[in-house]
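See below for the structure under consideration.
Laid out in structure tokens, this is it:
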């Protein structure tokens, strides 16, 4: 039976309503604090400001229109920020009347609570689904490229695998931006999810020379210090901590380092190759002269860019060649609920051939 | 320049003493700290690193006090004090998918050569009554002019090997010349000459694959120096399995398969001393270089026997970085260190791009 657009909207709204309720559930918050690596204020920030509990009608209609139609959808939530479960399930539920989800073992709390609270007969958890026996429909995989590749290799012939790989946010700050305002807005984008989202900015392209670059770096350092007081960073994984130590020493050698209790700001000199610091509130600032210089500077990572933020959103639309989320600084982690956050598009959709 | 030259002379005195079997001319720590102080004076980046780490070069007392320069810095900055016109040799790391290569420039490559030759001679040929025939399963300097491994291999062929006017290289444009090396080995066997075969691990795997299990015996007393990882250039093979297979195919004792560990960012190398009575899998240092495992997060030395990241102090790196932070995990054992590969990746939280995804896990080994 094919649902009408309104019926699909109804099913998506049901999920959104459930997400709102889950976000107010103290037991869920406790469990998220225990499992996500975020601090309690970090979890609260994510639930209050980054969980899309008030989408507009237009946004939801766009989500439904983009979702397509599938006989059934299995959603694999291998690695994503916890609130990402809502968007992933909404896209799947818009596309199909039969949706199963397999949350990751490390971060299943929110997805399970959401499915349970939605109490939708068309939506269930199935962590043990044998992909090789999955007949028809689609598999939506949110995870690392290697995970997506595994599903593409394992899925039966005819099953469409939609892969949503990990990504990277890039911010571009113009020379005409107010450095204090831009730094404070950017700090909010960095702090959300402790920079572990695929929209999280990790590199700033700064239009200007060394002097103003240092001024902006200091402002960003101050903004991150202030934010740390309100939303302390959670734990880092050992590998993240190791990468932090290396990045700090490398950027201190190459350029200049601002080190906070729970953040780093590194400023590279003009012309230096791009560094991408590890996630966990670490920002690398590269000085650029123009948009074409900015494009050249990020050429080695452009394919991974899922989000671009700037104080001047018109100027950055041409930063990468593929579709990416474009927003003002401070809004990078709040994309409208109108489809997957990763807009790199059809290039990530393949049909299994085996 | 005079100060650098004086430091080179002191560093080379270590090599000279080693070659003659004499005591080292001075304390390792004294020279390491002097080199580090010189670098802090002349290399802005190193001075900034010292400042960022809150250490004052004048207070260096032992080599552990010296902040190590991460290998990443070699990709993004000039790690040298001298101007470009004085560069006499430049080594570059192999590329990664991010496309950035590390660069190590030398003002006095003879220091590199002297140290490499002295320790290579000890680890690879000290038990040979006559010079072996050196054959290289790799490209020549014309094809790989910025490879430190190629330079070292060429040096060994010229200075450790039997005199031969023919080129010792048996890889050209990525293609193995199996017939060519077969001829040279047959000739060496007839003449009763030992062979020293120098190769990367991935080249050896390609070689074994090409042989498809067939034996390829080397003359008695021959040995194989293998270095580096696989970097996606061949199938991955466990190091012990590779050693066993090489021993079988080349008909040499497993102890004659000698591992070498080197990096573009260094001027010194480390070897398994299996031909000198050492244990396999244990890489020993020359008296002018030390590998210290450090905690990956604090970069402080770990307890003896614990696993840490390799922090390498290399007295021959007079003009670049005397202390280098590598990415490999190591553990001190016996007279040397075990190489344990990279820190295993923990599953990432969230969907932000992981650094290993960005770098494709490629590693620049020589």
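Residue numbers (the numbering used here), protein chains in the order written: chain B, 1 to 354; chain F, 355 to 720. We treat Cβ as the ideally placed atom computed from N, Cα and C, and that holds for glycine.
With 16 other Cβ atoms within 10 Å as the buried cut-off, status of residue i
i                     : result
residue 47 (chain B)  : buried
residue 261 (chain B) : exposed
residue 642 (chain F) : buried
residue 355 (chain F) : exposed
residue 346 (chain B) : Unreliable placement is indicated for residue 346 (chain B), whose pLDDT of 38 sits below 50; the coordinate value is still reported in the next sentence. Exposed, because fewer than 16 other Cβ atoms sit within 10 Å of the Cβ of residue 346 (chain B).
residue 378 (chain F) : exposed
residue 126 (chain B) : exposed
residue 690 (chain F) : buried
residue 176 (chain B) : exposed
residue 721 (chain F) : Lying outside 355 to 720, the shown extent of chain F, residue 721 (chain F) is not represented and no answer is given.
residue 246 (chain B) : buried
residue 760 (chain F) : An answer regarding residue 760 (chain F) cannot be provided, because it is not within the stretch 355 to 720 covered by chain F.
residue 571 (chain F) : exposed
residue 49 (chain B)  : exposed
Contacts around residue i, its chain only, beta-carbon distance under 8 angstroms, and the 5 residues preceding and following it disregarded
i                     : result
residue 276 (chain B) : 168, 202, 203, 284 and 301
residue 85 (chain B)  : 77, 101, 103, 110, 111 and 114
residue 659 (chain F) : 685, 686 and 687
residue 122 (chain B) : 11, 93, 96, 97, 98 and 99
residue 182 (chain B) : 173, 216, 219, 311 and 329
Residues that residue i contacts on chain B, provided the C-beta gap is smaller than 8 angstroms
i                     : result
residue 651 (chain F) : 238, 241, 242, 244 and 245
residue 406 (chain F) : 248, 249, 252, 257 and 259
Residue interval of the beta strand (DSSP E) (run including residue i)
i                     : result
residue 684 (chain F) : 677–687
residue 577 (chain F) : 577–581
residue 596 (chain F) : Premise fails: residue 596 (chain F) lies in the alpha helix (DSSP H), 593–604, not in any beta strand (DSSP E).
residue 48 (chain B)  : Run containing residue 48 (chain B): none; DSSP gives neither H nor E here.
residue 458 (chain F) : 457–460
residue 68 (chain B)  : First-last for residue 68 (chain B): undefined, no H or E at that position.
residue 551 (chain F) : 549–554
residue 164 (chain B) : 160–164
residue 439 (chain F) : Element bounds for residue 439 (chain F): n/a, residue is neither H nor E.
residue 202 (chain B) : 201–207
Contact set for residue i: own chain, Cβ-Cβ below 7 angstroms, skip 5 residues either direction
i                     : result
residue 524 (chain F) : 489, 490, 491, 530, 531, 534 and 535
residue 12 (chain B)  : 60, 63, 64, 90, 93 and 94
residue 14 (chain B)  : 118 and 120
residue 757 (chain F) : Outside the modelled stretch of chain F, which goes from 355 to 720, sits residue 757 (chain F), for which no answer is possible.
Residue i, enclosing alpha helix (DSSP H) - first and last residue
i                     : result
residue 20 (chain B)  : 5–23
residue 225 (chain B) : 210–230
residue 293 (chain B) : 291–297
residue 643 (chain F) : Careful: residue 643 (chain F) lies outside any alpha helix (DSSP H), inside the beta strand (DSSP E) at 643–648.
residue 532 (chain F) : 532–545
residue 30 (chain B)  : 26–35
residue 251 (chain B) : 238–254
residue 399 (chain F) : 398–406
residue 190 (chain B) : 179–191
Where residue i meets chain B, residues with beta-carbon distance less than 7 angstroms
i                     : result
residue 694 (chain F) : Those do not exist, as residue 694 (chain F) stays about 14 angstroms from chain B at its closest Cβ, beyond 7 angstroms.
residue 662 (chain F) : Those within 7 angstroms of residue 662 (chain F) in chain B number zero; the least Cβ separation is about 10 angstroms.
residue 575 (chain F) : Going along chain B, no residue has its Cβ under 7 angstroms from residue 575 (chain F), so there is no contact; the nearest lies around 44 angstroms.
Contact with chain C by residue i, beta-carbon distance below 7 angstroms
i                     : result
residue 328 (chain B) : Considering every chain present, this structure includes no chain C. Its protein chains are B and F.
Chain-ordered chain B contacts of residue i [CB-CB under 9 angstroms]
i                     : result
residue 402 (chain F) : 252, 253, 254, 255, 256 and 257
Chain F contact residues for residue i, given Cβ-Cβ distances below 8 angstroms
i                     : result
residue 84 (chain B)  : 705
residue 275 (chain B) : 426 and 430
residue 268 (chain B) : 430
Contacting residues, own chain, Cβ-Cβ under 6 angstroms from residue i (five flanking each side not counted)
i                     : result
residue 394 (chain F) : 400, 401, 404 and 411
residue 416 (chain F) : 383
residue 362 (chain F) : 462, 465 and 672
residue 495 (chain F) : 504 and 508
residue 136 (chain B) : 71
residue 344 (chain B) : 322
residue 608 (chain F) : 597 and 601
residue 387 (chain F) : 414
residue 80 (chain B)  : 142
residue 270 (chain B) : 287
heavy atom of the ligand MN below 6 angstroms from residue i C-beta
i                     : result
residue 505 (chain F) : By its list of ligands, the structure shown contains no ligand whatsoever, and the ligand MN lies outside what it can speak to.
Chain F contact residues for residue i, given Cβ-Cβ distances below 9 angstroms
i                     : result
residue 302 (chain B) : Result: empty, since nearest Cβ-Cβ is about 11 angstroms, beyond 9 angstroms.
residue 286 (chain B) : The premise fails here: residue 286 (chain B) is roughly 10 angstroms from chain F at the closest Cβ pair, so nothing lies under 9 angstroms.
Per-residue contacts from residue i into chain F (C-beta, under 7 angstroms)
i                     : result
residue 217 (chain B) : Near residue 217 (chain B) there are no residues of chain F at all, since even the closest Cβ is about 14 angstroms away, more than 7 angstroms.
Near-chain B residues of the segment 419–438 of chain F - C-beta to any C-beta below 8 angstroms: Answer set for the segment 419–438 of chain F: 421, 422, 423, 424, 426, 427, 429, 430, 431 and 433.
Residues of the segment 666–694 of chain F whose Cβ lies closer than 9 angstroms to any Cβ of chain B, in chain order: Along the segment 666–694 of chain F, going in chain order, the ones with a CB nearer than 9 angstroms to a CB of chain B are 675, 679 and 681.
Residues of the segment 185–208 of chain B whose Cβ lies closer than 9 angstroms to any Cβ of chain F, in chain order: Cβ contacts with chain F: 193, 194, 195, 196, 197, 198, 199, 200 and 202.
Residues in the segment 387–402 of chain F having any Cβ partner in chain B nearer than 7 angstroms: If the cut-off is 7 angstroms between Cβ atoms, the segment 387–402 of chain F has 399, 400 and 402 near chain B.
The segment 149–168 of chain B: positions lying closer than 9 angstroms to chain F by Cβ: Of all residues in the segment 149–168 of chain B, 164, 165, 166, 167 and 168 have a Cβ within less than 9 angstroms of some Cβ in chain F.
Under 8 angstroms (Cβ pairs) to chain F, residues found in the segment 14–48 of chain B: Residues 36 and 37.
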